[in-house]
Amino acid sequence: MEIPLESYTQRREELLSRVRKILIDRLHVRRAPDEIDPDTSLFLSGLGLDSVDMVELVIACEAEFGVRIRSGTAGRARLRTLNNVVDFVISEEEKSRGA
Amino acid sequence: MSSRNAEVVVTGAGAVSAIGIGCGPLLSSLDEGRDGIRPITRFSTHPFSVNLGATVPDDWLRGLSPQYSSDSDLCFDFARIALTEALWQAGLEGDGRDQFKTALVVGTSLGDLKNQHHRLASRLAGHFGFKGPAITISTACSSSNNAIGLARDLLDGFADVVVAGGADVLSLEAFAGFHALGVLSPAKCAPFSRPAGTTLGEGAGFLVLERAADAACRGAPPLAAVSGYGLSADAFHETSPDPSGGGVARAIQMAILDAGLAPGEIGYVNAHGSGTANNDAVEWLALQRVFGAGAGGIPVSSSKGHLGHCQGAAGVLEALCVLLLMPRQSVPPTLHHRGVRPRCPEDPVASDRPRPHPYRHAACLNSGFGGANAALILSTSSSPRPVRAARPVEIMGLGAVAGHGLNLSELGKAIEDPEFDQPMPAYEIDRVIPNVDPRGLDPATRHLIAAAALALGDAGIAVRGPLKERAGLVIGTTRLSSQSAGEFYRSIAERGPGSCSPLAFARITLNAPAGSCSKALMLKGPTSTLTSGPGSGLGAVLYAATMIANWESVDLVLAAGVDEADSSAGGLTEGAGCIALAPAGKFPVPPGRERAVLAGFGIAGPEDLSAALGQAFAMAGILPDSVDLIFGSADDKSVLEHFFGRPSQKLPRLSCRKLCRGDEAATSALDFIAAALVIRSGESRAALVVGGGRPCATYAAILTGWRS
Chain Y
919 MEIPLESYTQ RREELLSRVR KILIDRLHVR RAPDEIDPDT SLFLSGLGLD
969 SVDMVELVIA CEAEFGVRIR SGTAGRARLR TLNNVVDFVI SEEEKSRGA
Chain P
96 MSSRNAEVVV TGAGAVSAIG IGCGPLLSSL DEGRDGIRPI TRFSTHPFSV
146 NLGATVPDDW LRGLSPQYSS DSDLCFDFAR IALTEALWQA GLEGDGRDQF
196 KTALVVGTSL GDLKNQHHRL ASRLAGHFGF KGPAITISTA CSSSNNAIGL
246 ARDLLDGFAD VVVAGGADVL SLEAFAGFHA LGVLSPAKCA PFSRPAGTTL
296 GEGAGFLVLE RAADAACRGA PPLAAVSGYG LSADAFHETS PDPSGGGVAR
346 AIQMAILDAG LAPGEIGYVN AHGSGTANND AVEWLALQRV FGAGAGGIPV
396 SSSKGHLGHC QGAAGVLEAL CVLLLMPRQS VPPTLHHRGV RPRCPEDPVA
446 SDRPRPHPYR HAACLNSGFG GANAALILST SSSPRPVRAA RPVEIMGLGA
496 VAGHGLNLSE LGKAIEDPEF DQPMPAYEID RVIPNVDPRG LDPATRHLIA
546 AAALALGDAG IAVRGPLKER AGLVIGTTRL SSQSAGEFYR SIAERGPGSC
596 SPLAFARITL NAPAGSCSKA LMLKGPTSTL TSGPGSGLGA VLYAATMIAN
646 WESVDLVLAA GVDEADSSAG GLTEGAGCIA LAPAGKFPVP PGRERAVLAG
696 FGIAGPEDLS AALGQAFAMA GILPDSVDLI FGSADDKSVL EHFFGRPSQK
746 LPRLSCRKLC RGDEAATSAL DFIAAALVIR SGESRAALVV GGGRPCATYA
796 AILTGWRS
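The listed protein sequences correspond, in order, to chains Y and P. Heads up: the first sequence begins at 919 in the working numbering, then just goes up one per residue. Heads up: the second sequence begins at 96 in the working numbering, then just goes up one per residue.
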């Protein structure tokens, strides 16, 4: 089933702001929400997160969105930017809706 | 001191672990290839993907201690039982000896969680009637290894018997934290083999340490000798080891040097071997760095297949495995080793039985969060320690962050202003030290890094090049950062134990601020974090001085006292004081300043100010008359009057209490700083700093000017 474009972009924006909030509240990223570009790398040259930060991000996103990301390192490796995280959450949501 | 560099032996040992209660069951489990790993029943493991732990079964304890209601009682009971056995084995269970000369050093990582870390030591000292200093070392999983090392140092004139070891409980919080970090193995811990991952454990172990001559004198047979130890900081990451292996290698090298040995004389290595992919590979790299081509010929095993990872008690329990087999000239195996994992030791003693192996010296390694590494050298018989003259310790730089702000000259004014009453001003850590990443630093860590950076600036010393590895950091503190602890417990409350915050968990070890500071300032030499309640900051200064006096491979040690206010715990002290110490004459002194040295110091029991003063004056070789000023808050007027022969009201006494709103760890470090300021300005010839007292330890330090 195709999701209408408008509700899809709305959902993306909502997820983006919630992940930004996690980055600021839980991972102590010292930036204003609108300063965190969705395409900035989460790692060294971007937000400077390390491996433990990524575990924190994964656990916090799982708790926030009720999706399972921990299933393998392959999943984590895809989470290079904020957009990746949002894409992943959306794809998991679609999968569970399909199932 | 006459007893300096004395040979130190172990005359008693006691153990509580998942394998059994007592050293006997520990030895038989090594002989029979039994482990203590079982499904956890103490709390529900439903939220987790792992359910194994090396837990002490509850019914064993009920037999010994009818009721306990919390982890705090469990931790105390583990320690009490192990300590009783150790004293009994040493033949010291009676009360015939000088209790004021009996010290206690407890290593613990998370302690009992509900109370401040030093409470366990003070409770144990009270239970056994020890009246010497009771000091707690908390460097995460290397705590008890470090504790045994400090015990050795205390036998250099501060105590006649030191009971040292560690205790930790496998609590829900510890399990949740390690689980969140993804380092728990789905199967029983199989160090250097498959699957990678660790199994958490718990328990307590204690050793009785004495000078070899004293043990011989009272006819106590030594089990082994503690011939040296070494400490180092990775200065790399909160939870991941330095991938180069350099951190672990430095601790081993320092221990070998301390023991006066050559690397080739080490016949066996009891590795940390936690079983995680990161740790095991790093450790093997480190061993190759130290032993070169010879590394492959040394048996390297880990006792965590038997005991699990007993956190703060790991070091002493694993050392015990070595101690028990050493007299038979065999080494403990690595249990559950089924197939080689790449980048692991060549000879992991893969077996379920001890292996006969001739050796005189064994190295026991442990590494903890915050990048704190410790190595201990145990030997079959004592051999003379290399005799070295104690190096005089110079006070090179001072840094203070408290109510006065960040400026040293304001501290001098504030301390003399009877009306002073100001809270610490807000400051940005990246303005004090531009290259530090402030993300996630709790207030305790920020204050520490700021004070340490200011002390280096004041000393005019840049830590770069080879100095990095020769520069250490010792912290005295009284409690965890309330911000980080709050974050951790909130994450459990909000998301459940299965999804607790790994970031916050990494910061709820007492040595987390030290780990971050080592990393920020590239201090890769020895590191330790101690606590003894009030006075801990001065305790850290004196431990740092001991390191400089004993270890020729150390050129600089920053010592600090730090506190973060926690109104819920009733502690309001906030601030940090840091002192840069170095061997006298090592670095040039900035112009316009007198050279100040730590001429003498004392470490004694909580109600034994007179012993602390006596030791300090004896070491300094001066009479109490020469002291012009007293700093600190020790309130035993009768003792001070006895020493100074005049009513204590007439002695000029100053305290930094009002600068940091309390009398905890930071206060005594600030008092030391205030004393150093008057010495180096030439206003005073000799100043005395006293700190601590009840419930753990009393410290005294004498500062004087120095001319080479």
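Glycine included, each C-beta is placed from N, C-alpha and C at the ideal position. Values in this document were obtained by computation on a predicted structure and should not be read as measured data.
With fewer than 16 other CB atoms across the displayed protein chains lying within 10 angstroms of its CB, Lys-209 of chain P is exposed. Runs of the beta strand (DSSP E) lying entirely within the region 541-611 of chain P and spanning at least 3 residues, in chain order: 566-572.
Between Glu-669 of chain P and the set P:Gly-507, P:Glu-511 and P:Ala-761, the nearest pair of CA atoms involves P:Ala-761. Where Tyr-926 of chain Y is concerned, the enclosing alpha helix (DSSP H) starts and stops at 923-943.
Within chain P, not a single residue places a beta-carbon under 9 Å from that of Gly-984 of chain Y; the smallest gap is close to 11 Å.
Under the DSSP definition of a beta bridge, Asp-658 of chain P partners with P:Gly-670.
Chain P places no beta carbon closer than 8 Å to that of Ile-942 of chain Y, leaving this residue out of the contacts. Of the other Cβ atoms in all chains shown, fewer than 16 fall within 10 Å of the Cβ of Arg-423 of chain P; this residue is therefore exposed. The C-beta of Gln-928 of chain Y has fewer than 16 other C-beta atoms within 10 Å across all chains shown, which makes the residue exposed.
Under the three-state reduction of DSSP output, Pro-951 of chain Y falls in the helix class. With the criterion set as a beta carbon lying under 8 Å from some beta carbon of chain P, the members of the region 945-973 of chain Y are Leu-945, His-946, Val-947, Arg-948, Gly-966, Asp-968, Ser-969, Val-970, Asp-971 and Val-973, in sequence order. Taking C-beta separations shorter than 8 Å and ignoring five residues to either side along the sequence, the partners of Leu-749 of chain P in its chain run Ile-510, Glu-511, Leu-724, Ile-725, Phe-726, Asp-766 and Ala-769, following chain order. Residues Ala-330 of the same chain have their beta carbon placed closer than 6 Å to that of Lys-614 of chain P, with the five preceding and five following residues left out of the count. For Glu-305 of chain P, the enclosing beta strand (DSSP E) has its first and last residue at 298-306. Listed by position along chain Y, the residues whose Cβ is nearer than 8 Å to that of Thr-334 of chain P are Val-970. Burial is judged here by how many other beta carbons sit within 10 angstroms of a residue's own beta carbon; Lys-753 of chain P has at least 16 and is buried.
In terms of Cβ geometry, Ser-239 of chain P and Gly-342 of chain P do not form a close pair [threshold 8 Å]. The residues Lys-226, Gly-227, Ala-699, Gly-700, Asp-703 and Ala-706, in chain order, have a CB closer than 8 Å to that of Phe-195 of chain P in the same chain once the five nearest residues on each side in sequence are set aside. Going by DSSP, Ile-725 of chain P is part of the beta strand (DSSP E) stretching over 724-727.
Using a CB distance cut-off of 8 Å, Ile-977 of chain Y counts as an interface residue toward chain P.
Interface flag for Glu-1010 of chain Y against chain P is unset, since no Cβ pair is found closer than 8 Å. Shown here, Cys-284 of chain P sits in coil according to DSSP, grouped into three states, outside any helix or strand. If you check each beta-carbon in the region 531-546 of chain P against every beta-carbon of chain Y, the ones closer than 9 Å belong to Asp-532, Pro-533, Arg-534, Gly-535 and Leu-536.
Residue P:Asp-168 holds the alpha-carbon nearest to the alpha-carbon of Arg-157 of chain P among P:Leu-302, P:Asp-168 and P:Asp-248. Annotation for His-213 of chain P: the continuous alpha helix (DSSP H) segment containing it runs 213-223. Gly-277 of chain P belongs to the set of residues whose beta carbon lies under 8 Å from a beta carbon in chain Y. The beta carbons of Ala-547 of chain P and Gly-620 of chain P sit no closer together than 8 Å. Restricting attention to P:Ile-347, P:Val-784, P:Gly-368 and P:Leu-122, the CA atom closest to the CA of Ser-327 of chain P is found in P:Ile-347. For Ser-462 of chain P, no alpha helix (DSSP H) encloses it; the enclosing beta strand (DSSP E) starts and ends at 456-463. With a beta-carbon spacing of about 7 Å, Leu-302 of chain P and Gly-107 of chain P fall inside the 8 Å limit used to define contacts.
If you compare the alpha carbons of P:Asn-373, P:Gly-630, P:Ala-640 and P:Leu-295 with that of Gly-400 of chain P, the shortest gap goes to P:Leu-295. Under the Cβ criterion (8 Å, minimum of three pairs), the region 208-223 of chain P does not count as touching the region 241-248 of chain P. Setting aside the 5 residues that flank it on each side, Val-264 of chain P is surrounded in the same chain by Asp-166, Leu-169, Cys-170 and Glu-297, each with a C-beta closer than 6 Å to its C-beta; the list follows chain order. By the beta-carbon neighbour count (other beta carbons within 10 angstroms, threshold 16), Cys-751 of chain P is buried. Short of 6 Å from the beta carbon of Val-488 of chain P, and not among the five residues preceding or following it, lie these beta carbons of its own chain, in chain order: Ala-640, Ile-643, Leu-676 and Leu-693.
Taking the Cβ atoms as the reference, Gly-634 of chain P lies roughly 7 Å from Gly-787 of chain P, within the contact range of under 8 Å.
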